[in-house]
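K.L.:
From first to last, the protein sequence lines stand for chains A and B.
For the first sequence, the working numbering gives the first residue as 1, with consecutive numbering after it.
For the second sequence, the working numbering gives the first residue as 134, with consecutive numbering after it.
Submitted below is the structure of interest, expressed as structure tokens.
There are 2 protein chains.
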Amino acid sequence: MTELLKSKKISETPFRKEVLAIFRNYTNAIPLSTVEKELKEYNRITLYRTIKIFIEKGIIHEITISGEESNYAICHEECSTAAHHHQHIHFKCSSCKKIFCVEVDQFPSIILPNYKIKQLEIQATGLCQKCNV
Amino acid sequence: MTELLKSKKISETPFRKEVLAIFRNYTNAIPLSTVEKELKEYNRITLYRTIKIFIEKGIIHEITISGEESNYAICHEECSTAAHHHQHIHFKCSSCKKIFCVEVDQFPSIILPNYKIKQLEIQATGLCQKCNV
DNA sequence: TAATATTTGCAACATTGTTGCAATAAATAT
DNA sequence: ATATTTATTGCAACAATGTTGCAAATATTA
Ligand SMILES: [Mn+2]
Ligand SMILES: [Mn+2]
Ligand SMILES: [Zn+2]
Ligand SMILES: [Zn+2]
Chain A
1 MTELLKSKKI SETPFRKEVL AIFRNYTNAI PLSTVEKELK EYNRITLYRT IKIFIEKGII
61 HEITISGEES NYAICHEECS TAAHHHQHIH FKCSSCKKIF CVEVDQFPSI ILPNYKIKQL
121 EIQATGLCQK CNV
Chain B
134 MTELLKSKKI SETPFRKEVL AIFRNYTNAI PLSTVEKELK EYNRITLYRT IKIFIEKGII
194 HEITISGEES NYAICHEECS TAAHHHQHIH FKCSSCKKIF CVEVDQFPSI ILPNYKIKQL
254 EIQATGLCQK CNV
């Protein structure tokens, strides 16, 4: 299962495997601080570089929400090295604060008179299943 | 026209008027670095605090795009002190790199089986009118 | 197993944002 | 208009976040 690193053509080091495993253990997106908590021991700089290369290689993607720490999640769709083009939305639960990547069968489209839209990115806020009892 | 500061119940100081005027002179969203360039002379800390209070009071709103400097734009809709609820999308032109707040007559809605969506935030990428010749 | 390419960790630095506090300026009440 | 009250500004000092060059260590390839 750590074939992923090889398939993305980056060296398979213990540290990278460890970080990848952390992302895989979560069903939601997580910030750097969570990755840090999960790692027993780590070098701050190496972690930054690991996150960076994971994003570049299409292993994880970044989710930014105003005024909050960036979150990161595994790319389930096949992401190119060049760009992340996800047809899913980012859902933030206002109760448990977790951020989920959610597939949606009918991704909306917008037409604007004076703009040529190539891509949409959608963030939703609300309640996740667990919190919406 | 500087009534805005009074109406938002914050003191009307020369510096705040100056910063507000800068935002009003742009039709697109701008990052802090642009505000800084426009100001002849300024105190870094005061500027941070000004941006912060402008956001809190619903005068401007923040637009965050992955891996980029935050951008800020005047709130044209009436924003409460509590939260910014904009029914417009944020459009980033991949050519001129400008970010625009764009009204859309039919704001899309999404229904997800396991989530209760309260609010959507939409970012679009593509070409603006000027760049789409 | 040796040669080569890549990653890691250190030191040092850059950038970005925050806080306490006294001086200053703005708003309000006389 | 002037005094009183309240809020803002700027300084110093700090905290958090992210970056770079480079030598040692490790992974990949031959
Ligand atoms: Mn996602
Ligand atoms: Mn906007
Ligand atoms: Zn939840
Ligand atoms: Zn453009």
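Glycine is no exception: its CB is placed at the ideal position from the N, C-alpha and C atoms.
Since this is a predicted model, take the numbers as computed values, not measurements.
#1: According to DSSP, what are the bridge partners of residue 73/A?
#2: Measuring straight from C-alpha to C-alpha, what distance separates residue 22/A and residue 7/A?
#3: Name, please, each residue of chain B whose Cβ falls closer than 7 Å to the Cβ of residue 116/A.
#4: Using a Cβ cut-off of 7 Å, pull out every chain B residue sitting near residue 102/A, in sequence order please.
#5: Counting only Cβ pairs nearer than 8 Å, list the residues of chain A close to residue 224/B.
#6: From the beta carbon of residue 80/B, is the nearest beta carbon of chain A less than 7 Å away?
#7: With H, G and I counted as helix, E and B as strand and the rest as coil, what does DSSP make of residue 6/A?
#8: Taking Cβ to Cβ, would you say residue 101/A is nearer than 7 Å to residue 88/A?
#9: Any heavy atom of ligand 2 closer than 6 Å to the beta-carbon of residue 234/B?
#10: Kindly identify the DSSP beta-bridge partner or partners of residue 261/B.
#11: Spell out whether any CB of chain A is found under 7 Å from the CB atom of residue 199/B.
#12: Measuring only between beta-carbons, confirm whether residue 143/B sits less than 7 Å from chain A.
#13: Tell me whether the segment 197-206 of chain B and the segment 160-171 of chain B touch, counting them as touching only if at least three CB pairs, one residue from each stretch, are closer than 8 Å.
#14: Under the three-state reduction of DSSP, which class applies to residue 111/A: helix, strand or coil?
#15: Can you have a look at residue 256/B and say buried or exposed, based on whether 16 or more other CB atoms are within 10 angstroms of its CB?
#16: Would you list the residues whose beta-carbon is nearer than 5 Å to any heavy atom of ligand 3, in the order they occur in the chain?
#17: Going along the chain, which residues of the segment 176-203 of chain B sit with their C-beta nearer than 9 Å to a C-beta in chain A?
#18: What three-state label does DSSP hand residue 172/B in the structure shown?
#19: Quick check on DSSP: helix, strand or coil for residue 235/B?
#20: By the three-class DSSP mapping on this structure, what secondary structure does residue 56/A have?
#21: Any chance the CB of residue 29/A is under 6 Å from a heavy atom of ligand 2?
#22: When you compare the segment 163-173 of chain B with the segment 35-49 of chain A, are there three or more beta-carbon pairs, one atom per stretch, that lie closer than 8 Å?
P.N.:
The short version:
#1: 61/A
#2: 19 Å
#3: 259, 260 and 265
#4: 245 and 248
#5: 112, 115 and 117
#6: Coverage of chain B is limited to positions 134 through 266, which leaves residue 80/B absent and any answer about it impossible.
#7: helix
#8: yes
#9: yes
#10: The partner list for residue 261/B (beta bridge, DSSP) is empty, contrary to what the question assumes.
#11: yes
#12: no
#13: yes
#14: coil
#15: buried
#16: 93/A, 95/A, 96/A, 128/A and 131/A
#17: 188, 194, 195, 196, 197, 198, 199, 200, 201 and 203
#18: coil
#19: strand
#20: helix
#21: no
#22: no
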